[in-house]
Amino acid sequence: MAAGGVCGLYNGLLITGLRLPPFIATLGTLGFFRGAAKWLADSGPVSASPGWLADWVQQVPARPWMVVAPAVWLLGGLALLTSGLLHWTVFGRRLTAMGSNEEAARRAGIPIRRTKVFVYITGGMFVGLAGAMYFARLTQGDPVAAPGLELDVIAAVVIGGASLSGGSGSVAGACAGAVLMAFLRNRCTVLGWPNYVQEIAVGHIIIAAVALDRWRRMRGRHERGLAGADRGE
385 MAAGGVCGLY NGLLITGLRL PPFIATLGTL GFFRGAAKWL ADSGPVSASP GWLADWVQQV
445 PARPWMVVAP AVWLLGGLAL LTSGLLHWTV FGRRLTAMGS NEEAARRAGI PIRRTKVFVY
505 ITGGMFVGLA GAMYFARLTQ GDPVAAPGLE LDVIAAVVIG GASLSGGSGS VAGACAGAVL
565 MAFLRNRCTV LGWPNYVQEI AVGHIIIAAV ALDRWRRMRG RHERGLAGAD RGE
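Written as structure tokens, this is what we have:
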């Protein structure tokens, strides 16, 4: 998690310091971090004991009262925590305001740069936790593991209602999108579909979700325009 937080800090400083588009900046650092991982691992898998994380990646409940696997409890707890942070704190309101209209948020006195950097650090720490659990499940770390997983993440959050242009989205929606993507991947594997078919499907899912989001936004602007015209009359 510490390594993930450092990577997130690097992303945040690049985006806020050099004013780079977030998508381009993170795409560039993706290659940088992946190359650094290969260098540190000598381009091969690294084996180690999963330690205490082994209890969290069991596929069956560790205790009868758990009902579901421990990782599901961890996901639910973190989802509730972040959802509460977004909806019931000043920090969450600031994030929503920044996503809706960054310039208006800046004029309102919100510390844009500091808030953005904190968001990227937090996101990096979550990615670090996910990577550690993935490592514990496989009992080894591979610098070339999970290629293209970033596209699944984008598809999950967009399917869950988040807008790539900012200003909308929820933790619950992102979790629902992630569950749907995992279900689709699992069904493709069960049906014996090759990986390239899955990649084609994921690509079109992203396109369809973004197109739907754009249509919703255009419709919303049109309806607001009609409402404003009616009030003017």
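For the working numbering, add 384 to where a residue sits in the sequence shown, where the first one is 1.
C-beta atoms are modelled at their ideal positions from N, C-alpha and C, and glycine is treated no differently.
All values derive from a computational prediction rather than experimental measurement.
query, result
"For G525, does the three-state DSSP call read helix, strand or coil?", "strand"
"Under a CB-based cut-off of 9 Å, is F407 close to chain B?", "Checking the listed chains, one finds no chain B in this structure; it contains a single protein chain."
"In angstroms, rounded to a whole number, what distance separates the CA positions of V541 and V563?", "11 Å"
"With 16 as the cutoff for other CB atoms within 10 Å, does D426 come out buried or exposed?", "exposed"
"Output the residue ranges of the alpha helix (DSSP H) runs that lie fully inside the segment 452-525 and measure 4 residues or longer, sorted by chain position.", "454-472, 474-484, 486-491 and 496-522"
"Which first and last residues belong to the alpha helix (DSSP H) in which L575 is found?", "No alpha helix (DSSP H) holds L575; DSSP gives it neither H nor E."
"Taking the alpha carbon of G557 as the reference point, which residue from A546, M602 and R491 has its own alpha carbon closest?", "A546"
"Counting beta carbon pairs with one atom in the segment 496-513 and one in the segment 571-589, are three or more of them shorter than 8 Å?", "no"
"CA-CA distance, T400 and L568?", "36 Å"
"Touch check for the segment 500-510 and the segment 386-400: three-plus C-beta pairs under 8 Å?", "yes"
"State the Cα-Cα distance for the pair G587 and V451, rounded to the nearest angstrom.", "35 Å"
"Starting from L535, follow the alpha helix (DSSP H) in both directions and report where the run begins and ends.", "L533 to I543"
"Using only alpha-carbon positions, find the residue among D597, A560, E583 and I591 that is nearest to G551.", "D597"
"So, A592 versus C572, is the Cβ gap smaller than 9 Å?", "no"
"Have a look at L522 and P531 and give me their C-alpha separation to the nearest angstrom.", "15 Å"
"Hey, L464 and T480: beta-carbon distance below 9 Å or not?", "no"
"Give me whichever residues DSSP pairs with V430 in a beta bridge.", "G525"
"So A421 is in the alpha helix (DSSP H); what residue range does that whole segment cover?", "P406 to L424"
"Decide if I618 is buried, meaning its Cβ has at least 16 other Cβ atoms within 10 Å, or exposed.", "In the structure as shown, the chain begins at 385 and stops at 617. Residue 618 is therefore absent and cannot be evaluated."
"List the whole-angstrom C-beta distance separating M509 from G388, where the pair is believed to meet the contact cut-off of C-beta under 8 Å.", "5 Å"
"Out of P448, S549, A520 and L458, which has the shortest C-alpha to C-alpha gap to G483?", "S549"
"So what does DSSP say about A530, is it helix, strand or coil?", "coil"
"When burial is assigned at 16 or more other CB atoms within 10 Å of the CB, is I408 buried or exposed?", "exposed"
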